[in-house]
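One structure is given below, encoded as structure tokens.
Protein chains in written order, with this note's numbering: chain A, 3 to 414; chain B, 3 to 414.
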């Protein structure tokens with residue numbers, strides 16, 4: 003089956019909003035075996051939208067349109083689709099009740115305009131919007147399926163996952179299951195290079211990489227007529243990948259490194275403390291991004307100068323003078339210092355050169371040391387980060403923080 | 003003049019890459035008075051690209067196509083455009099020399115494929131690519147202008163700003179100037195509400211908001227036949243906005259709050275220290291994002307538990323017991339503590355409840371206290387952050403960090 007996506011909205015054409023809806027839907031559709039041939043963005047203009055619907059439905063089996071379902075005069079997606087498919091707009095009592103209860107729940111006044119949102123094209127299915135007021139629409143016309151979704155990603159994604167995905171999977175008579183494999187310590191490019199032939203040749207399961215902040219996730223999605231058969235298709239492939247890349251896989255179906263760290267520390271009833279320099283608080287920020295981190299994390303100290311490394315963390319002046327702040331020796335003493343100061347079970351330190359303007363140390367950009375200290379274990383890692391682009395401070399800091407969190411994971 | 007944008011590439015249709023090029027170009031085009039009517043995304047498919055060029059050039063005066071200028075077999079934008087406009091592909095010696103010198107500069111081997119990149123449609127202008135190998139192309143055909151740009155944003159944006167923008171401005175016989183106004187403490191929605199009629203009515207200068215991480219930037223862009231006249235158009239509007247919103251404007255043409263803080267501290271030869279709790283290192287992370295922060299920033303301590311607030315920052319046990327960790331009193335003592343510990347000129351503290359899982363304090367999500375302490379000045383701000391969505395930890399933490407940085411700015 004072939005699909006096309008139309009996203010409507012003046013804010014997309016003015017560039018004020020980046021079109022994330024098209025990418026989101028494309029990824030989800032490809033995971034359930036539906037190929038996307040075109041994306042189109044049109045403004046809030048009835049004639050242009052009508053012509054786009056005409057062009058796209060002639061080429062594709064499935065057309066998804068996002069945006070233009072709001073309550074104001076320039077929201078005209080539903081009306082234009084109804085006119086194209088020659089359907090009357092009819093009042094849908096269930097949608098109206100949903101809108102009323104949404105307004106009650108958010109303690110806001112309902113306006114006369116919102117009643118417009120309860121009209122749907124005759125013969126279509128209304129989809130409940132649990133995160134807003136505009137219902138979605140599924141409209142079948144012979145062998146074509148047209149799906150209208152709200153524009154805000156927060157509403158659209160929820161509605162897609164809750165109703166549309168299943169509808170499209172059922173349309174193909176299949177079920178879909180998927181597994182995320184979480185990698186660290188291998189670049190997306192290197193991973194893709196090694197998985198390339200498998201990724202291209204395997205149409206079911208679909209194998210797709212998702213890169214995020216220095217880690218890579220591979221999502222494997224299988225479709226079959228029932229769950230058991232889908233698992234038979236999925237499992238051998240995920241097992242093969244997990245076996246081949248075991249050195250780089252830290253979890254499956256995880257959010258990220260820091261969520262796994264907080265989970266593992268909670269299970270082990272252990273606490274971690276952090277001494278940072280070049281990452282400037284980023285390791286701490288990422289650990290405390292995780293709700294519930296307060297059970298396993300008490301303290302982080304960012305010492306951006308030699309003076310503070312010495313006075314608060316107790317790094318020896320000789321060490322700083324002899325080896326500088328960016329050294330194996332300083333990293334080790336920073337980890338020891340923060341452990342002593344806080345009494346944490348696991349202490350991690352980061353010191354390095356993230357980029358121009360950092361310290362007055364004559365060391366190359368991207369050189370980073372990670373110190374790790376626990377009851378039974380101590381180590382220092384030397385990293386050379388940043389690849390070809392040593393001027394990318396943000397990349398180097400993010401990677402350094404990820405390596406520090408990964409080091410804690412390994413120390414548990 | 004009306005423009006359309008076509009972005010090519012399988013990675014866009016699979017959703018692997020979010021299409022930021024269309025938004026970037028739309029914003030830039032709208033600032034120079036060119037309206038964008040459609041975005042289209044097509045795969046690496048010659049027939050579909052040919053048909054899209056046909057559709058778009060019939061509707062628009064200017065067509066910009068990004069992507070498909072690479073060295074491999076599936077890069078076919080140039081060839082397809084040449085075929086559509088019935089031009090021969092000819093070898094361009096200057097482009098070839100540029101490619102050769104780029105390879106020499108990056109110390110890589112040039113391949114036979116790269117020679118393909120030096121062919122351009124007859125009668126077109128080649129644009130030098132300073133960040134990659136594929137030259138851009140400007141092709142005039144009667145009253146239509148077709149511009150081909152590389153797909154990677156890093157290459158595309160540089161080429162657009164360096165060559166294309168000026169070309170398009172010249173095409174309209176104008177010069178363009180612009181000014182960014184940096185706001186803090188007012189939401190994008192509230193600002194837009196107050197500026198709405200001005201934003202809609204003013205076609206020159208164009209007034210467009212850019213939201214980022216809890217702050218808002220308004221870019222005002224004016225066009226005229228020369229720089230002086232453009233300034234005459236720009237200045238009264240920017241002055242009017244600056245006057246009306248003076249309480250919320252912290253700078254013009256600035257990157258963000260933290261960059262202005264680092265700049266102002268450097269000028270004043272002062273140092274800042276940070277004591278964080280609910281922001282978990284984010285204030286420190288954001289200050290040290292700025293290259294050169296090491297001159298004005300030495301130390302941050304994140305104390306995520308009462309125990310550490312007491313033992314390291316010296317917050318009194320009675321204060322924590324009587325008022326809890328999330329209180330005016332604790333914020334004040336944290337600021338005093340970090341100032342004493344580090345000897346910084348300005349000390350700022352943040353304590354609050356960012357969301358579920360935070361501390362065991364019975365206070366509402368979004369309640370945050372910012373303590374500020376300098377030689378002559380001390381204060382505590384009480385904030386209620388997060389608006390309708392109190393469950394958004396990331397939003398609350400980002401806003402709290404922004405308020406803390408803004409408080410330092412005001413204290414200088």
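Glycine residues also receive a C-beta, built at the ideal position from the N, C-alpha and C atoms.
- Residues of chain B with a Cβ closer than 9 Å to the Cβ of residue 397/A do not exist, since the nearest Cβ in that chain sits about 12 Å away.
- Under the Cβ criterion (8 Å, minimum of three pairs), the segment 366-376 of chain B does not count as touching the segment 327-341 of chain A.
- For a Cβ distance threshold of 7 Å, residue set 293 of chain A lies close to residue 358/B, ordered along the chain.
- Inter-residue distance for residue 186/B and residue 161/A is about 34 Å (C-alpha atoms, whole angstroms).
- The beta carbon of residue 261/B lies closer than 8 Å to those of 292 in the same chain, with the five residues before and after it left out.
- Residue 192/A and residue 374/A have their C-alpha atoms some 27 Å from each other.
- Put simply, the segment 27-40 of chain B touches the segment 53-63 of chain B. At least three CB pairs are less than 8 Å apart.
- Residue 217/B carries a strand assignment under DSSP once its states are collapsed to helix, strand and coil.
- Exposed is the label assigned to residue 113/A, since fewer than 16 other Cβ atoms lie within 10 Å of its Cβ.
- Contact check between the segment 83-98 of chain A and the segment 120-128 of chain A: three or more CB pairs, one atom from each, fall below 8 Å, which counts as touching.
- Under the Cβ criterion (8 Å, minimum of three pairs), the segment 251-269 of chain A does not count as touching the segment 193-200 of chain A.
- Its Cα nearest to that of residue 136/B, the residue 73/B stands out among 346/B, 73/B, 223/B, 308/B.
- If you check each beta-carbon in the segment 290-321 of chain A against every beta-carbon of chain B, the ones closer than 9 Å belong to 290, 291, 292, 293, 294, 295, 296, 297, 299, 300, 301, 302, 303, 304, 305, 306, 307, 309, 310, 313, 314.
- A check of alpha carbon separations from residue 99/A across 71/A, 75/A, 128/A identifies 128/A as the nearest.
- Around residue 107/A, no beta-carbon contact reaches into chain B at under 7 Å, the shortest distance being about 11 Å.
- Listed along chain B are 15, 42, 43, 44, 45, 50, 54, each with a C-beta nearer than 9 Å to that of residue 40/A.
- Using a Cβ-Cβ cut-off of 8 Å, residue 353/B is close to nothing in chain A; its nearest Cβ partner there is about 13 Å away.
- Nearest CB-CB separation between residue 343/B and chain A: below the 8 Å threshold.
- By alpha-carbon distance to residue 104/A, the top candidate from 130/A, 219/A, 310/A is 130/A.
- The three-state reading of DSSP puts residue 123/B in strand, counting E and B together.
- In the structure shown, the three-state DSSP call for residue 45/A is coil.
- Fewer than three beta-carbon pairs drawn from the segment 19-29 of chain B and the segment 271-282 of chain A are found closer than 8 Å, and the two stretches are therefore not classed as touching.
- A distance below 6 Å between beta-carbons, with the five flanking residues on each side excluded, links residue 351/A to the following residues of its chain, in chain order: 277, 333, 336, 337, 373.
- Annotation: residue 266/B is outside any beta strand (DSSP E); the continuous alpha helix (DSSP H) that includes it extends over 259-270.
- Using a CB distance cut-off of 8 Å, residue 86/A does not count as an interface residue toward chain B.
- Taking C-alpha positions only, residue 385/B is separated from residue 324/B by approximately 20 Å.
- The C-alpha of residue 154/A is placed about 28 Å away from the C-alpha of residue 69/B.
- Counting C-beta pairs closer than 8 Å gives three or more between the segment 292-306 of chain A and the segment 340-350 of chain A, which meets the contact rule.
- Partner residues in the beta bridge of residue 225/B, as assigned by DSSP, are 178/B.
- By the rule that beta-carbons nearer than 8 Å mark a contact, residue 127/B does not touch chain A.
- Pairing residue 40/A with residue 15/B, the inter-Cα distance amounts to about 7 Å.
- Between residue 59/A and residue 181/A, the gap from beta carbon to beta carbon reaches 8 Å or more.
- The beta carbons of residue 379/B and residue 413/B sit closer together than 8 Å.
- Look at the segment 72-153 of chain A and you find these whole runs of alpha helix (DSSP H), each 4 residues long or longer: 79-86, 95-107, 114-118.
- Leaving aside the five residues that flank residue 239/B on each side, the residues in its chain whose CB is nearer than 6 Å to its CB run, in chain order, 207, 222.
- The three-state secondary structure of residue 326/A, taken from DSSP, is coil.
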